[in-house]
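Chemist: Below is the structure I would like to discuss, written out as structure tokens.
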Amino acid sequence: MTDTETKHNKLGSILIQKEAIASIARQSTLQSYGVVGLAPKNMIERVRQLLIKDAKFGVDVEFDHEGLLIDLYIVVEYGTRIISITNSIVNSVKYNVEKTVGLPVRRINVHVRGLRISDMD
Amino acid sequence: MSTAELTKLSPEERHKLVSVPVNGWGLKTLLEAGMIWLKTNQQVVNRLNVFPVPDGDTGTNMLLTMQAAFDEVENSGTENIGQLAHAVARGALMGARGNSGVILSQIWRGFARALDKEETMDVKLLSEALTEAKETAYKGVVRPVEGTILTVINDIAAQAEVSTQRTSVFTEVLADIVEAAEASVERTPELLPILKQAGVVDSGGKGLLCIFEGMWRFLNGDPLDKTVNEVMPLSEMDLEDAMETIEPGQDYEVVIDFSPDPTFNLEKYYEELTKIGTSIQVGEGDGMYRMHIHVPLDSRYQPIDHTMTLGTIQKVMMENLVAQMNNKGTVKSPKINLTQVKPGEVAVVAVSPGPGLSRIFASLGVAAIVQGGQSMNPSIKELLASFENLPTDKIIILPNNRNIIMAAKEAASMTVKQVAVIPTISVPQGLSALFRLIPDADFDDNVSSMIEAMDEVETGEITTATRSVEIDDVQVEKGEVIALHNGKLVTSTHSIDEACEELLIAANTNEYERITLFYGEDMPQSQVNQLSDKIRTIYPDHEIEVHEGGQPHYELIIAIE
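Sequences listed follow chains A and B, in order.
By the numbering used here, the letter at position 75 of the first sequence is numbered 481, and the numbering carries on one by one without gaps.
By the numbering used here, the letter at position 489 of the second sequence is numbered 505, and the numbering carries on one by one without gaps.
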């Protein structure tokens with residue numbers, strides 16, 4: 407598994423870094439309704455995020471020969487229907503990544519890492 | 017109360033149901049009115065879709081969310097508005113469908129919170145509740161996108177605040193809110209470029225407008241069960257069905273194509289039309305409107321006169337429905353039933369030059385059809401539009417004409433979907449390829465098998481020469497019948513029969529088993545039948561089939577396989 411995905415055209419190759427795809431997925435996730443933030447994937451990332459801003463924070467991108475595999479770690483607003491929100495995220499991330507990068511997205515996993523409670527009912 | 021009951025009430029009865037200050041029962045009735053009006057406009061909202069993703073059913077999603085909210089309170093007898101609003105919010109949350117449904121549930125959640133310990137709601141409280149609704153809605157997202165339902169609830173809340181300072185009359189505030197929501201929806205394309213590109217307003221915003229508009233219409237005594245200004249794309253106008261519902265006294269069907277003046281007001285136009293006739297439909301496309309109406313005999317010119325004052329008429333079609341009903345069945349052609357593809361399946365888009373051929377393509381499993389052929393090439397946009405909204409991303413295009421292959425390839429390069437263009441240069445090639453389709457099989461296998469099949473058929477075409485010319489060593493005089501074999505000119509003669517016979521010889525018909533004739537729009541069926549009899553005597557061992565193709569220019573398209 408490499409850090410870049412390659413597309414070829416007549417004159418040469420186009421190399422797309424994982425970070426680039428992660429940024430798109432991240433923007434698209436944060437614009438999705440119900441998402442109030444991204445969450446660290448693990449302890450190491452939690453610590454690292456304190457030191458440097460990382461485009462891949464809360465997002466994991468892998469490639470295989472069939473397409474992209476994206477994992478999203480999110481925090482959702484309390485009091486919303488999580489299943490609807492996650493479905494929308496999957497749709498819009500797939501759409502935005504495929505449209506801008508031109509590589510097929512094979513799988514998107516959404517990990518709901520927590521809920522933010524702004525108001526109790 | 018059922019939909020029918022609610023809409024039948026007189027204005028006085030309506031106001032009795034929703035007394036001010038509004039209590040739990042009143043809010044329940046208002047919500048129901050909003051829901052009914054949303055249901056009536058469901059398809060209008062659905063059509064405002066811009067993303068080719070499965071989230072393209074905003075109207076339905078919002079309606080199902082409202083329905084879930086309403087189900088929660090339908091049988092509740094609580095007079096307490098706070099309790100009722102909380103139940104609504106809970107129902108909306110549990111039943112929230114799609115993005116707009118989730119936002120809608122948040123709106124009701126905030127709305128309910130503001131009414132928490134209240135018994136009834138006056139305008140002041142309404143304004144507070146809407147502000148709370150807006151705030152809750154905005155809390156649900158880190159980066160709110162403007163030009164969406166969020167903008168609309170924001171504008172609604174702002175207007176409510178302004179209005180309550182001016183007046184304390186509930187209906188006046190509600191009217192202001194609806195007006196503000198309408199303006200807000202109209203403004204969404206300015207805020208969100210993707211809407212502008214697609215030439216639509218935001219669907220979620222429109223859905224929210226419908227809910228408030230429904231409440232207002234209810235109190236205003238307006239009907240809730242039929243849309244006033246439903247405009248559909250021209251391609252979706254179902255004039256065939258409109259003909260089924262012929263009412264006594266409405267003898268004439270008038271269809272007018274016109275381009276409206278800048279001042280054209282659709283709602284007023286509808287209003288005028290309802291005074292003249294029934295079965296009114298208005299479609300829109302390419303800056304042009306198409307109006308359809310049924311009118312009594314003596315007012316059959318009225319729609320034309322009226323439309324003329326509002327724009328430039330391009331075309332008028334008038335038919336006597338009574339006469340048409342009498343020979344119905346002989347004139348009417350059956351509807352085209354396209355195959356519904358499932359996500360992940362391979363979908364085929366075929367370019368078809370005639371209605372008969374479209375039906376044949378559809379019966380063989382085509383998921384979308386684009387009209388086009390010789391001298392009427394479809395645009396790249398049309399091709400793209402045909403498959404962008406299909407629920408699968410594996411698309412195969414059959415251009416069925418040499419001149420369309422390029423456009424099809426261009427369309428294929430403009431989408432994120434996986435698209436293969438099978439370079440079929442004729443209808444028989446397209447049909448032959450289509451026979452190999454296995455929708456749930458591998459995409460590449462389908463493509464290679466179709467390309468293989470494409471060349472297993474000989475194509476014959478019979479048409480009339482439009483000018484005198486010499487091609488492929490054949491001298492052609494204008495007006496003569498010419499025959500083409502796989503696109504190559506074979507002969508030029510005086511009769512279709514003769515051209516056909518020579519064509520079959522050139523195509524080595526003896527080597528094949530089956531001859532299929534697709535006759536064009538200018539070719540009478542009786543003549544085709546005579547011709548097929550003649551062919552049968554020459555090729556007695558062959559299977560001969562005759563189908564209506566309906567294509568222009570070509571009297572016959574022949575498949576030999």
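Backbone N, C-alpha and C define an ideal beta-carbon position, used for all residues, glycine too.
I'd like to check one pair, M78(B) with S116(B): are the Cβ atoms closer than 8 Å?
Modeler: Residue mapping note: residue 116(B) aligns to position 100 of the second sequence, counting from 1. Residue mapping note: residue 78(B) aligns to position 62 of the second sequence, counting from 1. The answer is yes: Cβ separation under 8 Å.
Chemist: Rounded to whole angstroms, what's the CA-CA distance from E472(B) to L450(B)? Just pull it up for me.
Modeler: As a working note, residue 472(B) is residue 456 in the second sequence. As a working note, residue 450(B) is residue 434 in the second sequence. Each residue's Cα considered, the two are about 12 Å apart.
Chemist: Does DSSP put N336(B) in a helix, in a strand, or in coil?
Modeler: Residue numbering aside, residue 336(B) sits at position 320 when the second sequence is read from its first letter. N336(B) falls in the strand class under three-state DSSP.
Chemist: Show which residues of chain B have a CB atom less than 7 Å away from the CB atom of S490(A).
Modeler: Within the first sequence, the letter at position 84 stands for residue 490(A). A112, R113, G114, G117, V118, listed in chain order.
Chemist: Below 7 Å on C-beta distance, what does Q437(A) contact in chain B?
Modeler: As a first step, residue 437(A) must be located in the first sequence, where it is residue number 31. Within 7 Å Cβ-Cβ: R159, V161.
Chemist: Between G215(B) and F280(B), is the Cβ-Cβ spacing less than 8 Å?
Modeler: The residue labelled residue 215(B) in the question sits at position 199 within the second sequence. The residue labelled residue 280(B) in the question sits at position 264 within the second sequence. Contact: no.
Chemist: Exposed or buried, which one is V338(B) when buried takes at least 16 other CB atoms within 10 Å?
Modeler: Along the second sequence, read from residue 1 onward, the residue named residue 338(B) stands at position 322. It is exposed - the Cβ of V338(B) has fewer than 16 other Cβ atoms within 10 Å.
Chemist: Which same chain residues end up closer than 6 Å to E477(B) when comparing Cβ atoms and leaving out the 5 residues on each side of it in sequence?
Modeler: Position 461 of the second sequence holds residue 477(B). Counting only Cβ-Cβ distances below 6 Å, and skipping sequence neighbours, we find L500, Y570, I573.
Chemist: Taking the alpha carbon of E188(B) as the reference point, which residue from I521(B), T323(B), N236(B) has its own alpha carbon closest?
Modeler: What you label residue 188(B) is simply residue 172 of the second sequence in a count that begins at 1. For the residues I521(B), T323(B), N236(B), the minimum Cα distance to E188(B) belongs to N236(B).
Chemist: Output, in sequence order along the chain, the residues in the region 469-500 of chain A whose CB is closer than 8 Å to any CB in chain B.
Modeler: Going along the region 469-500 of chain A in chain order, one finds E483, G485, T486, R487, S490, I491, N493, S494, N497, S498, K500 with a Cβ nearer than 8 Å to chain B.
Chemist: Report the option in I97(B), A196(B), Y154(B), A153(B) whose CA atom is closest to the CA atom of D132(B).
Modeler: Within the second sequence, numbered from 1, the residue matching residue 132(B) stands at position 116. Closest option to D132(B), Cα to Cα, is I97(B).
Chemist: Residues in its own chain within less than 6 Å of V516(A) by CB, not counting five upstream and five downstream?
Modeler: Counting from 1 along the first sequence, the entry for residue 516(A) is found at position 110. Taken in chain order, the residues that qualify are L478, T492, I495.
Chemist: Can you name the start and end residues of the alpha helix (DSSP H) that Q491(B) belongs to?
Modeler: Position 475 of the second sequence holds residue 491(B). No alpha helix (DSSP H) holds Q491(B); the beta strand (DSSP E) holding it covers 490-492.
Chemist: By how many angstroms is the C-alpha of A153(B) removed from the C-alpha of A196(B)?
Modeler: As a working mapping, residue 196(B) is identified with position 180 in the second sequence. As a working mapping, residue 153(B) is identified with position 137 in the second sequence. Each residue's Cα considered, the two are about 18 Å apart.
Chemist: Exposed or buried, P394(B), counting other C-beta atoms within 10 Å across all chains shown (16 or more means buried)?
Modeler: In the second sequence, counting from the first residue as 1, residue 394(B) sits at position 378. That one is buried.
Chemist: Quick one: is K505(A) near chain B, going by C-beta distance under 8 Å?
Modeler: Counting from 1 along the first sequence, the entry for residue 505(A) is found at position 99. It does: the Cβ of K505(A) has a partner Cβ on chain B nearer than 8 Å.
Chemist: What residues are listed by DSSP as bridge partners for M392(B)?
Modeler: Translated into the one-based positions of the second sequence, residue 392(B) becomes position 376. Answer is G389(B).
Chemist: According to the Cβ coordinates, are V432(B) and P369(B) closer than 8 Å?
Modeler: Here residue 432(B) refers to the residue found at position 416 when the second sequence is read from its first residue. Here residue 369(B) refers to the residue found at position 353 when the second sequence is read from its first residue. Cβ atoms of V432(B) and P369(B): not closer than 8 Å.
Chemist: Where does V194(B) land, buried or exposed, given buried means 16+ other C-beta within 10 angstroms?
Modeler: Locating residue 194(B) in the second sequence gives position 178, counting from the first residue. That one is buried.
Chemist: Suppose the cutoff is 7 Å on Cβ atoms and the five residues either side in sequence are ignored; what does the same chain contact list for E229(B) look like?
Modeler: In the second sequence, the residue the question calls residue 229(B) occupies position 213. Excluding sequence neighbours, E229(B) sits near W53, V194.
Chemist: Run the CB neighbour count on D171(B), radius 10 Å, all protein chains shown included, and call it buried at 16 or more, exposed below.
Modeler: On the second sequence, position 155 is the one that residue 171(B) refers to. Classification for D171(B): buried.
Chemist: Alpha carbon to alpha carbon, how far is F469(A) from H414(A)? Give it in angstroms, no decimals.
Modeler: For the purposes of this step, residue 414(A) is taken as the residue at position 8 of the first sequence. For the purposes of this step, residue 469(A) is taken as the residue at position 63 of the first sequence. Near 16 Å, if we compare the C-alpha coordinates of F469(A) and H414(A).
Chemist: Sort I329(B), L313(B), R483(B) by Cα distance to I320(B) and report the nearest one.
Modeler: If you number the second sequence from 1, residue 320(B) lands on position 304. It is I329(B).
Chemist: Determine the contact status of A173(B) and A199(B), defining contact as a CB-CB distance below 8 Å.
Modeler: The residue given as residue 173(B) occupies position 157 in the second sequence. The residue given as residue 199(B) occupies position 183 in the second sequence. Cβ distance not < 8 Å, so A173(B) and A199(B) don't count as in contact.
Chemist: Under 7 Å between beta-carbons, which chain B residues line up against S524(A)? List them in chain order, please.
Modeler: As a first step, residue 524(A) is located in the first sequence; it is residue number 118 there, counting from the start. Those are K155, listed as they occur along chain B.
Chemist: Please report the distance separating the alpha-carbon of L64(B) from that of V217(B).
Modeler: For the purposes of this step, residue 64(B) is taken as residue 48 along the second sequence, with counting starting at 1. For the purposes of this step, residue 217(B) is taken as residue 201 along the second sequence, with counting starting at 1. For L64(B) and V217(B), the distance between alpha carbons rounds to 7 Å.
Chemist: Select from L224(B), W232(B), V168(B), P239(B) the residue whose C-alpha is nearest the C-alpha of L207(B).
Modeler: Within the second sequence, the letter at position 191 stands for residue 207(B). Ranking the options by Cα distance to L207(B), first place goes to V168(B).
Chemist: Would you say S26(B) reaches chain A, if we count a Cβ-Cβ gap shorter than 8 Å as a contact?
Modeler: On the second sequence, position 10 is the one that residue 26(B) refers to. Output row for S26(B): interface = no.
Chemist: Assuming V367(B) contacts G388(B) (C-beta within less than 8 Å), just tell me the rounded distance between them.
Modeler: Here residue 367(B) corresponds to residue number 351 of the second sequence, with the count starting at 1. Here residue 388(B) corresponds to residue number 372 of the second sequence, with the count starting at 1. With 8 Å as the limit, V367(B) and G388(B) qualify as a contact, their Cβ atoms being about 5 Å apart.
Chemist: So, using beta-carbon positions, are V481(A) and A445(A) closer together than 8 Å?
Modeler: Counted from its first residue, the first sequence places residue 481(A) at position 75. Counted from its first residue, the first sequence places residue 445(A) at position 39. Result yes, Cβ atoms of V481(A) and A445(A) sit closer than 8 Å.
Chemist: Out of V271(B), P278(B), I420(B), R316(B), which has the shortest C-alpha to C-alpha gap to Q297(B)?
Modeler: Counting from 1 along the second sequence, the entry for residue 297(B) is found at position 281. When only C-alpha atoms are compared, the closest one is V271(B).
Chemist: Going by DSSP, what residue range makes up the alpha helix (DSSP H) through P322(B)?
Modeler: In the second sequence, residue 322(B) corresponds to position 306, counting from 1. Correcting the residue identity first, residue 322(B) is His in this sequence and not Pro. Element bounds for H322(B): 318-324.
Chemist: So which of N417(B), E496(B), S35(B) has the shortest CA-CA distance to A515(B)?
Modeler: Locating residue 515(B) in the second sequence gives position 499, where the first residue counts as 1. It is E496(B) whose Cα lies nearest to the Cα of A515(B).
Chemist: Cβ closer than 7 Å: which chain B residues qualify as neighbours of V465(A)?
Modeler: The sequence position of residue 465(A) within the first sequence is 59, counting from 1. Within chain B, no residue comes near V465(A); the closest Cβ sits about 14 Å away, beyond 7 Å.
Chemist: If we ignore side chains and look at the alpha-carbon of each, how far apart do I576(B) and L533(B) end up?
Modeler: On the second sequence, position 560 is the one that residue 576(B) refers to. On the second sequence, position 517 is the one that residue 533(B) refers to. Going by the C-alpha atoms only, they are around 9 Å apart.
Chemist: When we look at the beta-carbon of Q175(B) and count the other beta-carbons within 10 Å, is it buried (16 or more) or exposed?
Modeler: Stepping through the second sequence from its first residue, residue 175(B) is reached at position 159. Buried, by the Cβ-count rule.
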